[in-house]
Ligand SMILES: [Zn+2]
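Residue numbers (the working numbering), protein chains in the order written: chain A, 1232 to 1583; chain B, 3 to 840.
Quick look at the structure:
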C-alpha cells in the first residue's frame, strides 16, 4: 500500500511537470486530486485496511496529498505567471501610431496674452474696467488734452463714423483705450464728487487706426491700459509698478529702461523698453540687435485729464501706462505677421 | 531730423563718445533712430553682440584719404572725357586720372592761379563705388586706364558717403591744408533724431545743442551775430501791413544789396547735404542753413521784382487770407487755387507766396538777382498745418511752422541769415529791419516748489537745485525761500499756465534730472474700494466653458462690408465708417455669426471639422448718436463628428444635435436650469425644420440651427451641414445661476430601461416631461438612449427608449419601483397614446 501511494505521488508529480496551460492543469487536477483520482481511491479504501496499519498508511496518504496539492498550487502560480508573461510579450502596440484626436478647445492667442497681462495687474490691485468701442471725439481726444487740429492727433490715424450735425465732436472708432480714463474717472468721481475715491484699474479693449492691413500694421488691435489715481502717487511709483510688472510678465531678471516721450494726456511721458527676453539683452533679430524691446508707453496723468475726469489736479496725481497684447505675443512667440491674429487661420490658432 | 555732429560742435563742446551721446539724447526724449558715420571711426560691432543704435556709414582711413591740391589739369592723351591732374598730397606729387566733369573747364590752362583743393584717396583706400547703385564698398587698386597708370583718385561725395552725388569731385574750401587726414578736416557723424510734437523747439541744430549742453553740463555757445550794414535803411523803402494778427503775429523784413549768386562754400553745401537738404545757391542756401541752424524758416524775395511790381510806389508787404478763387504759381511751377483758409504774403500787386509753406515763382531768386528782401515771420501753426495739408506741400518750413516757431525768433533769423548772405554772397545789408509785431506771445511764469517735485516725481530736491536744472535750458529762475519763480524762455511755446504750466515745468525737471535717476518705489497710496466687474468676469467664465467644450475661440474684424453680411441675409441700417481703409472694411458688423461664418469658410478646406466661437460686440446704429454695442456669442460647427483615425472610418457629420449638445453643456455649466427649446420655423438664416430658440423665463436667449440651404450655398463650405448659433450675451449672462447642489445619495439607485411607442409628431421633450412629472422625486434621471422607427412598430410611429434612475432615501424594493413605473406607463398611454414596447 505504501508503495502504491509512493507510486501515485510520483506519477502525479511527473505528469504535473508536463502541464503547460490552465486547461491541462484543470484536467490534471481532476485526474490526480479529483473524486475518482487514484489518491482518493486510496482514501476510499482506507476503511478496508487492518486497524493497525491505518495510522501509518493514513499518514503517508495525507503526506502525499499535501505534497501533490502544494505542487499543484505552485504549478498553478507558475502557469499564471507564464500566461501573464506571454500576454505582456505578445500583446504589444505600435506606440508610434498616432493617437486618436480629442477635440481641444483653445482661447485665441490674443485673449491668452490679454489674460496674462490682466492676471498680473489684478494681483497688483488693478481691477478691470471696460468701455465702449465707438467713441466721440470728445472722449477720445478733447478730454484727453488733444485739442482739435493739434499736431499730436497726427500720431493716430483715426477712423471716423458717418454722422451728421456733430460739429467738432464727430463719432469715431476709439484709437486707444484712454477714453476709458475719462469714463472711469467720471464713474468713480460720481460715487463721491467732493471726495473722489482712489482709482486703480486696468482698461482692456479693442482699438482702431486708419492703417492699411499689412504684416506690420493693423486696422484693429487690442490695448491694455493701467490707471492709478490717488493723493500720493508719484513718477517713482510708476517706475516701481512697471518694473514689478515687467518682472512678472517677462521674467524675474527683466530690466526696464525709461525714455522721455510725449503723449498729450500724460506729463511727463515716457516710453518703456524691456531688456530683450529672447536674448537676455545680448542682441538678436527680435530686438534688432538693440538688446531692448519697446513694450509700453506711460506717464503721469495730465492735469487737464484729471480735471476733466472730476479729480482736482492740485490734490490728486496719477499715472497711466498702455501696452499691446498682440505686440507682446508677437515678440514672445516670434510672430512676424500681425495679420495672423484676425486672420484666424486654424494653422495659426492650433499652435497655441 | 538729421543732425551732423560737427554742426552741433559750433554751439557746444562734446567730449562724450558718439553712442553715449545718442543714449543721453534718447533718454531725454530726443530719440536717436540711427547713426550714420561719414568719415569718423565706426565703432566695432561683432555679430551676436548688442548694438543699441542702428548705424551705418564709412570711416575714412587717416593715412589713405587726405586733403590734396591740384596744380594743373591736363588732357588725357587717349581720351576726351578723362583728364590728368597734377596733384600734391602734402608729401609727394602724383598724376591722378579722373573723369570728373567739373574739372573740364580747367583742362589745358596750364598751372592754375589758385590750386583746387580736393579729397584725395590713395591706393588701398576703402570707399563707396561711385558707379554702383546704392552704397557698395570697394578698395582702390592700381590699374591702367587707356594706357595711363592709375592708383589713386580725387573723390566725389558719393564715394565718401556724404551724399549720393557723383556728378563731379568735391572742391574743398581754401582753408583745407594738403596732407591733412580728411577725417580730421571734415569727418562727421549724423544723428537721425525723431522730434516729438512737444519738442518743436529742437527742430534745429542750436535747439539740439542746447539740450546737449543741458544734459552734459557743458556751456552753450550762442551764435554771435555780426551785423555790418550800409546804404539807406530799409524802413524808408518797405512797409508791412498785417490784416489778421491771430494768423500772423509777427512779420520781419531785412534787405541786402549787391549779392552775387553762386555756389555756397563747400562746408555749407556739405552740412546741408548731411542734414538732408540740397544746396541750390548761396542765397537760398543761407535761408535753409539758418532755418536748420536756429529754427526760423526764412523766405528770400528778389527785391527788384517787388520794386517793379510796386510801379514806383514804396514796396508794401501785406499778409492776408486768400480771396475765393485766388491763384498763385508756386516755386515748383504749379498754379494753385487757394482757399480762404490760406494766408498769403502779398504786395500791392497781388500774392507773392503761400505764407510759411511755399514761395511764388515770380519773385523767386534767380541767377540774376542782385538785391534781396528777406522775410522772417511767425504764423498760426494750426493754419499752416491745414494749408500744407490742403495743398499737399510738406516742406522743411511748413514742418517747423506747423509745430510752432516762437515769434521771438523772427528777427534773430533774419539777422543771422543776412550775416550768412553777406559772408557767402558778398552783399551789404541795409541798416535795421522792418518789424511788425502786433501780437507778442505771453511767455508764462510758473511757480515751483520742492513739494511739487516730491508730490509728482517722488524725488527730493531743493529750490536751488530745481532752479539750477531749469536754468540749463534758459528758464529765468528766481528763488525765494522754497519757491522758484520760473519764466519761460522766448524760444519755446510748450509751457502752459497754472496747473498745466506746473506739470510742463516738472516734466523739464524730470527730463533734466534724468528719468533714469528717479527711484523705483511701490505705491504707498491706499487701495481703492474693490468693486469687481461681474459682467466681465462672467464673460471670461463663459469663454472657459466654451473652450472646455472643445471650441476654438476666434476674434474677427469689427469693420466688415455690406456684401459680407448680405450673404447671411443681414441688411438694414449699419454704422458706416466715413474714411474706410478699404471697401471691404466700410461698416461695423451687425452680426457676429456672419463674421464667424466668414472664418469658417476660410478654414473649410483646411480641417475636416471646425468648431468656433466668438464673443464680442455688434454695432446697432442710432443715427447720429453713439451706436449701441450689444455683446453677442456666436458658435459655428461643421465637418466630421469624429476625426479620422487610422482604425475607424466613421464618416458621420456634425449635425443639429451636436450643436444642441454644446448649447446644453454651456447652459449647464452656467448653471441655468429650466431652459426650454422651441422650434423656430420662420428664421431666414436656418433650415426651418432644424432650428430652435432657447427660452428662459419667457426670454429668448439665443437661436441655433442648421444653416438654411440657400444661405449655405452662398459660401464655399463644402457639403457638410453648417450649424450656427447666436446668443444675446447680455441676456445670457444676466440670468442669476442656481447653485444649489443636491446631496450625493446614500442608498443604491435602481436603473431600468423602458421603451414606448408614440406618434412621430409627439415631441420627445413632451414624453420626457411627463415621465419626470409622474416619476416625481423618485425618478432622478431620465436619459433618452434610443430613437427607432421601423415596420415593426408601424408607420408614423417612433419608439423612444429611456434609461430611468430611481432613487430614494432608502433601498427601494422591486414593488416600489414597479408601482412608479406603471404609473408612468399609464400616464403616457392616457395622454399621448403611448404603448409600452416589450
Ligand atoms: Zn534680443
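We put the beta carbon where it would ideally sit given N, CA and C, even for glycine.
Since the model is a prediction, treat every value here as computed from it, not as a measurement.
Presumed contact (8 Å Cβ cut-off) between residue i and residue j, rounded CB distance
i, j, result
"residue 453/B", "residue 514/B", "The pair is not a contact, with the Cβ atoms about 19 Å apart (cut-off 8 Å)."
"residue 129/B", "residue 161/B", "5 Å"
"residue 98/B", "residue 155/B", "6 Å"
"residue 308/B", "residue 257/B", "Going by Cβ atoms, the distance from residue 308/B to residue 257/B rounds to 10 Å, so no, they are not a contact pair."
"residue 317/B", "residue 164/B", "So it is not a contact: roughly 40 Å between Cβ atoms."
"residue 1474/A", "residue 522/B", "5 Å"
"residue 176/B", "residue 8/B", "That belief does not hold up - the Cβ atoms of residue 176/B and residue 8/B are roughly 18 Å apart, past 8 Å."
"residue 780/B", "residue 822/B", "6 Å"
"residue 597/B", "residue 640/B", "Going by Cβ atoms, the distance from residue 597/B to residue 640/B rounds to 15 Å, so no, they are not a contact pair."
Check whether residue i and residue j have beta carbons under 8 Å apart
i, j, result
"residue 173/B", "residue 119/B", "yes"
"residue 507/B", "residue 450/B", "yes"
"residue 54/B", "residue 1491/A", "no"
"residue 1410/A", "residue 1370/A", "yes"
"residue 595/B", "residue 636/B", "yes"
"residue 220/B", "residue 15/B", "yes"
"residue 210/B", "residue 529/B", "no"
"residue 1244/A", "residue 1304/A", "no"
"residue 495/B", "residue 398/B", "no"
"residue 795/B", "residue 758/B", "no"
"residue 188/B", "residue 272/B", "yes"
"residue 1499/A", "residue 509/B", "yes"
"residue 1360/A", "residue 535/B", "yes"
"residue 1341/A", "residue 1557/A", "yes"
heavy atom of ligand 1 below 7 Å from residue i C-beta
i, result
"residue 665/B", "no"
"residue 1530/A", "no"
"residue 1482/A", "no"
"residue 1518/A", "yes"
"residue 1522/A", "yes"
"residue 1505/A", "no"
"residue 1509/A", "yes"
"residue 1514/A", "yes"
Cut-off 7 Å between Cβ atoms - residues of its own chain near residue i, not counting five sequence neighbours on either side
i, result
"residue 24/B", "34, 37, 55, 193"
"residue 1403/A", "1366, 1368, 1371, 1389, 1390, 1391, 1392"
"residue 305/B", "257, 373, 374, 375"
"residue 410/B", "492, 493"
"residue 1274/A", "1292"
"residue 1513/A", "1522"
Sequence-distant residues of the same chain with beta carbon closer than 6 Å to residue i, five excluded per side
i, result
"residue 770/B", "784"
"residue 249/B", "345, 382, 385"
"residue 498/B", "506"
"residue 26/B", "217"
"residue 102/B", "170, 171"
Spatial neighbours of residue i in its chain, beta-carbon cut-off 8 Å, leaving aside the 5 residues before and after
i, result
"residue 1511/A", "1484"
"residue 1284/A", "1232"
"residue 1314/A", "1252, 1253"
"residue 1581/A", "1337"
Within the stretch 250 to 321 of chain B, ranges of the alpha helix (DSSP H) (whole runs, at least 4 residues): 268 to 276, 284 to 296, 305 to 312
Complete beta strand (DSSP E) runs within the stretch 1425 to 1510 of chain A (minimum length 3 residues, chain order): 1430 to 1439, 1451 to 1461, 1487 to 1494, 1497 to 1506
Curious, which full-length alpha helix (DSSP H) runs of at least 4 residues does the stretch 1245 to 1310 of chain A contain? 1253 to 1264, 1269 to 1275
Which runs of the beta strand (DSSP E), 3 residues or longer, sit entirely within the stretch 28 to 66 of chain B? 33 to 41, 56 to 61
Going along the chain, which unbroken runs of the alpha helix (DSSP H) with 4 or more residues stay wholly within the stretch 148 to 196 of chain B? 159 to 162, 184 to 188
At 4 residues or longer, what runs of the alpha helix (DSSP H) sit wholly inside the stretch 566 to 631 of chain B? 594 to 605
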